[in-house]
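Trainee: Protein chains in written order, with our numbering: chain R, 1 to 436; chain F, 1001 to 1436. The beta carbon of each residue, even a glycine, is placed where N, CA and C say it ideally should be. Mind looking over this structure? Questions follow.
As structure tokens, then:
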């Protein structure tokens, strides 16, 4: 530790929720950080689109600029933090900063899930850090544990609740008996859900995060398009109640697995996001409201779970600050965190996976319907473990739990069921999570 | 990333449960680690006391030596892993290795809790890493998140279940109605508890870990002697049942807090280990069996929890391997993780803390006993929130929940209660954890 502190000049791109929380946090923790690390970290430039808006933070006016392209490569900037989101211009700006030898910190999950491999290579080529703890699961330390603590761990599976909006909605449905529509409206009122909630409720957001988790956990490049995703908009109160009666809770889970190739080739990676029945005894079942958690199954470490706030200005700013201190210390030492070669992952298709399922059929209340449905399952070799019939007339419903079966056979079963005259519609399709 | 791998030669001191699991893990993961980091890590020396014992691991006989002092400073050793435990010779060996410029990894909680500050200074002086993820909470990534991700976070409090033995015993008592004695005997049979269980059940083990957590979380040196600790041996089935009826579960918790000084001086640190009533809605309540978890309350990040296996050969070896890869990468880059100056912490005494309490009194079943006891509470200004009387004759018992009160007043109350003729004995003294 040198006795005179090392000045670190930071450029911040974007000053919304996270950016303004970060500016406040960096200023407030400045002396403590300097005491503990010898780093004198100051935000010396903030790029915003509109200079006239008061950001409500205690920063001198001359720190703000609307010339973002000049700021990222300015000589008096040592480290760049990208918080503008989206693909462009974020991507070009990050590449410019890395090429200019400046470490970059980003919370941009969409960009990393689509162009991560290119950006990681650019950081490696520039010999500087590209850190992104804030991109997945907000304030929860996840990327650093995966990249460092667990780099040598034979990780088999990662299960995550990584979308706070859907977890809030499902918690309201489970604990207060709310309908999906009412819970969604409440989440929108509280600012947990967007006016157009599609990205959250249909699993796009969780899918992008799952691609990043899989890439870092397994050391092979996975992109958002590799991730099969299903949402929660078809989940009903009766599905939630059925799960509860049977010792489960319904969660939107992201699953990333490493699987031995059937042909002896390199391991295959499977990544998907879908609603699932989680046993109440599983640690993920206790993750309520808008909290996130990531459950890791390793060959040596066993079961791990990392739990906390997955979103919000301050928790996300906390993650960015951790990266900033790390990047600053590395920059001072002239080193950087390493990325492996990140070969493109061999993706196993969802069709080739297997699981136990919980399937809800809305049926006509007529004799023979169960026999016809059961025959359809049998025709596709999908074995039924239990079933429960409820409701009368137009409300009649049958919920099935299957034994473990290949996804492709379950889909074929569902396709045929949809065509049966006495099946009015197929409701929730839930995978059943084992263990816990 | 250089294209030809960097050879890293590792000396392992001790080859018990953790050491042999580590040797197997390092060999098994060698190629994967080399692929992802460019590090060619091999254990080239293992120091053991008795060369004649077969360790059951796939290591060439010439790797073993009984000359431990020569091994730690040998020219053909790049990194030293200390897994022999205890204060000496571990301390001298670690200091010798650091002085010789060799990064050291240790899982030695007793040593760090007593002489941590001296060792951290020696590492800083030698310009090399001293890493110790395995010393606290086994396989759970905790030290690295605290030292890196959360270094800039204003951490207010850390609450941990960091002793697996006591958590196993309390889980058996809670879920299966076992008595303390039966649950302890079962833990001993399963190898979770030692023949002499004192270190675990009286809170010494958790106290040492809490000292390390407080030191790293707050950047100020706390030693084991600073930690007030109480154990679980006085907890009875009726305490557990009472907690359950009132929506709580009893856990042995370690608490480390940062408190503003009353005299305007530097923040004070309070660290203690004691049994506590944890609300069922708190994430720590769901930590069962021998699992560990650490719950962190930060000013920006909010609530975080890190959960996993706190002991066992393989989970602990996983933590050591994470440190080994990190230390090897730093060693290759000629850098090391930084320690702050770690001033000696200003410790706030347990007497000066306050809490709500749950107190069990075993009383004589006579009229007037409640009035006499209530008067005693009142004399010391301790206000009673609720009380429940149960049992008859020699089994008569009163359980009190107090409002938040200073520890010193509660102790004075208990001392006086112990002298009352109609109070046969004071049973469990539990703090009540708020929040969750």
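1. Less than 8 Å between the CB atoms is what I'm expecting for residue 86 (chain R) and residue 110 (chain R), so what's the real figure, rounded?
2. Taking C-beta to C-beta, are residue 6 (chain R) and residue 38 (chain R) nearer than 8 Å?
3. Is residue 1216 (chain F) close to chain R, meaning its C-beta is less than 8 Å from at least one C-beta of that chain?
4. Return the chain-ordered list of same chain residues with a C-beta closer than 7 Å to the C-beta of residue 390 (chain R), the five sequence neighbours on each side being excluded.
5. Which partner residues of residue 403 (chain R) appear in the DSSP bridge assignment?
6. Would you identify the three-state DSSP class for residue 1250 (chain F), choosing helix, strand or coil?
7. State the start and end residues of the unbroken beta strand (DSSP E) segment that holds residue 232 (chain R).
8. Between residue 335 (chain R) and residue 1135 (chain F), how many whole angstroms is the CB-CB distance? I'm expecting something under 8 Å.
9. Identify each residue in the segment 299-314 of chain R for which the Cβ-Cβ distance to at least one residue of chain F is less than 7 Å, and report them in chain order.
10. Below 8 Å between beta carbons is the criterion; list the residues of the segment 28-53 of chain R that meet it against any residue of chain F, in chain order.
11. From residue 103 (chain R) to residue 78 (chain R), what distance separates their C-alpha atoms?
12. The segment 1119-1138 of chain F: which residues have C-beta closer than 7 Å to a C-beta of chain R, in chain order?
13. Please determine, among R:32, R:419, R:245, the residue with the shortest C-alpha to C-alpha distance to residue 41 (chain R).
14. So, for residue 1221 (chain F): in the same chain, excluding its five sequence neighbours on each side, which residues have a beta-carbon less than 8 Å away from its beta-carbon?
15. With a threshold of 8 Å between beta-carbons, can residue 105 (chain R) be considered close to chain F, or not?
16. Beta-carbon within less than 8 Å of residue 1278 (chain F)'s beta-carbon, same chain only, minus the 5 sequence neighbours each way: which residues are those?
17. Counting contacts by CB-CB distance shorter than 8 Å, is residue 1157 (chain F) in contact with chain R?
18. Any C-beta of chain F sitting closer than 8 Å to the C-beta of residue 333 (chain R)?
19. Measure from the alpha carbon of residue 1340 (chain F) to the alpha carbon of each residue in F:1217, F:1269, F:1132, F:1169, then state which is nearest.
20. Determine whether the Cβ of residue 1116 (chain F) lies closer than 8 Å to any Cβ atom of chain R.
21. If you drop the 5 nearest sequence neighbours on each side, which residues of the same chain put their C-beta closer than 6 Å to that of residue 97 (chain R)?
22. By the DSSP assignment, the alpha helix (DSSP H) with residue 1204 (chain F) in it spans what residues?
23. Quick one: which chain F residues come within Cβ less than 7 Å of residue 326 (chain R)?
24. Output yes if chain R places a C-beta closer than 8 Å to the C-beta of residue 1252 (chain F); else output no.
25. Run through the DSSP bridge pairs and tell me what residue 1292 (chain F) is partnered with.
26. Give me the subset of the segment 181-199 of chain R whose CB atoms are less than 7 Å from a CB atom of chain F, sorted by chain position.
27. Along the segment 1004-1020 of chain F, what residues have a CB closer than 8 Å to any CB found in chain R?
28. Just the chain R side, please: which residues come within less than 9 Å of residue 1144 (chain F) by C-beta, in chain order?
29. Give the interface partners of residue 318 (chain R) over in chain F, defined as CB-CB distance under 7 Å, in chain order.
30. Any beta carbon from chain F within less than 8 Å of residue 457 (chain R)'s own beta carbon?
31. Which residues does DSSP list as the beta-bridge partners of residue 105 (chain R)?
32. Just how far apart, CA to CA, sit residue 1082 (chain F) and residue 191 (chain R)?
33. Could you tell me whether any Cβ in chain R is nearer than 8 Å to the Cβ of residue 1425 (chain F)?
34. With burial defined as no fewer than 16 other Cβ atoms inside 10 Å of the residue's Cβ, what is the status of residue 2 (chain R): buried or exposed?
35. Please state the DSSP three-state secondary structure of residue 95 (chain R).
36. Determine, for residue 1338 (chain F), whether the minimum Cβ-Cβ distance to residues of chain R falls below 8 Å.
Mentor: Taking the structure as given:
1. Taking the first residue of the first chain as 1, we reach residue 86 (chain R) at position 86. Taking the first residue of the first chain as 1, we reach residue 110 (chain R) at position 110. Yes, they are in contact, since the Cβ atoms of residue 86 (chain R) and residue 110 (chain R) sit about 7 Å apart, within 8 Å.
2. Here residue 6 (chain R) refers to the residue found at position 6 of the first chain. Here residue 38 (chain R) refers to the residue found at position 38 of the first chain. Yes, these two residues count as a Cβ contact at 8 Å.
3. Locating residue 1216 (chain F) in the second chain gives position 216, where the first residue counts as 1. It does not: the Cβ of residue 1216 (chain F) has no partner Cβ on chain R nearer than 8 Å.
4. The sequence position of residue 390 (chain R) within the first chain is 390, counting from 1. Same-chain partners within the cutoff: 397.
5. By one-based count along the first chain, residue 403 (chain R) stands at place 403. None; residue 403 (chain R) has no bridge partner.
6. Counted from its first residue, the second chain places residue 1250 (chain F) at position 250. Of the three classes helix, strand and coil, the one that applies to residue 1250 (chain F) here is strand, per DSSP.
7. Counted from its first residue, the first chain places residue 232 (chain R) at position 232. Segment: none, residue 232 (chain R) is in no beta strand (DSSP E) and carries neither H nor E.
8. Here residue 335 (chain R) refers to the residue found at position 335 when the first chain is read from its first residue. Here residue 1135 (chain F) refers to the residue found at position 135 when the second chain is read from its first residue. Not confirmed; about 25 Å, so no contact.
9. 300, 301, 302, 303, 304, 305, 306, 307, 308, 309, 314
10. 28, 29, 32, 33, 35, 36, 37, 38
11. Within the first chain, the letter at position 103 stands for residue 103 (chain R). Within the first chain, the letter at position 78 stands for residue 78 (chain R). Straight-line Cα distance between these residues: approximately 7 Å.
12. 1124, 1133
13. Residue 41 (chain R) sits at position 41 when you count from the first residue of the first chain. It is R:32.
14. Against the second chain, residue 1221 (chain F) aligns to sequence position 221. Answer for residue 1221 (chain F): 1116, 1117, 1215, 1342, 1343, 1344, 1345, listed in chain order.
15. Here the question's residue 105 (chain R) lines up with position 105 in the first chain. No, because no Cβ of chain F sits closer than 8 Å to the Cβ of residue 105 (chain R).
16. Translated into positions along the second chain, residue 1278 (chain F) becomes position 278. Once the five neighbours on either side are set aside, the close Cβ partners of residue 1278 (chain F) are 1248, 1249, 1250, 1251, 1253, 1284, 1285, 1433, 1436.
17. Start at 1 with the first residue of the second chain, and residue 1157 (chain F) comes out as number 157. No, its Cβ sits nowhere closer than 8 Å to a Cβ of chain R.
18. As a working note, residue 333 (chain R) is residue 333 in the first chain. Yes, contact with chain F.
19. The count along the second chain starts at 1 and reaches residue 1340 (chain F) at position 340. Taking only the C-alpha atoms, the option nearest residue 1340 (chain F) is F:1217.
20. By one-based count along the second chain, residue 1116 (chain F) stands at place 116. So, not an interface residue.
21. Stepping through the first chain from its first residue, residue 97 (chain R) is reached at position 97. 72, 80, 104.
22. On the second chain, residue 1204 (chain F) is found 204 positions in, with the first residue counted as 1. Segment 1204-1218, the alpha helix (DSSP H) holding residue 1204 (chain F).
23. Counting from 1 along the first chain, the entry for residue 326 (chain R) is found at position 326. Here the neighbours are 1148.
24. To locate residue 1252 (chain F), count along the second chain from 1; it is residue 252. So, not an interface residue.
25. Walking along the second chain from the start, residue 1292 (chain F) turns up at place 292. F:1308.
26. none
27. none
28. Sequence index remark: in the second chain, residue 1144 (chain F) carries index 144 (1-based). Within chain R, the residues near residue 1144 (chain F) are 141, 144, 145, 148, 149.
29. As a working mapping, residue 318 (chain R) is identified with position 318 in the first chain. Per Cβ cutoff of 7 Å: 1153, 1298, 1300, 1301.
30. What is shown of chain R runs 1 to 436, which leaves residue 457 (chain R) out entirely.
31. Counting from 1 along the first chain, the entry for residue 105 (chain R) is found at position 105. The partner list for residue 105 (chain R) (beta bridge, DSSP) reads R:81, R:131.
32. Counted from its first residue, the second chain places residue 1082 (chain F) at position 82. Counted from its first residue, the first chain places residue 191 (chain R) at position 191. If you take the alpha carbons of residue 1082 (chain F) and residue 191 (chain R), they lie about 51 Å apart.
33. Working through the second chain from its first residue, we reach residue 1425 (chain F) at position 425. No - not a single Cβ of chain R is within 8 Å of the one on residue 1425 (chain F).
34. In the first chain, residue 2 (chain R) corresponds to position 2, counting from 1. Note that residue 2 (chain R) scores a pLDDT of 48, beneath 50, so its modelled location is shaky; the value from the coordinates is reported in the next line. Exposed, by the Cβ-count rule.
35. Position 95 of the first chain, counted from the start, is the residue given in the question as residue 95 (chain R). Looking at residue 95 (chain R) - three-state DSSP - the assignment turns out to be helix.
36. In the second chain, counting from the first residue as 1, residue 1338 (chain F) sits at position 338. So yes, residue 1338 (chain F) belongs to the interface.
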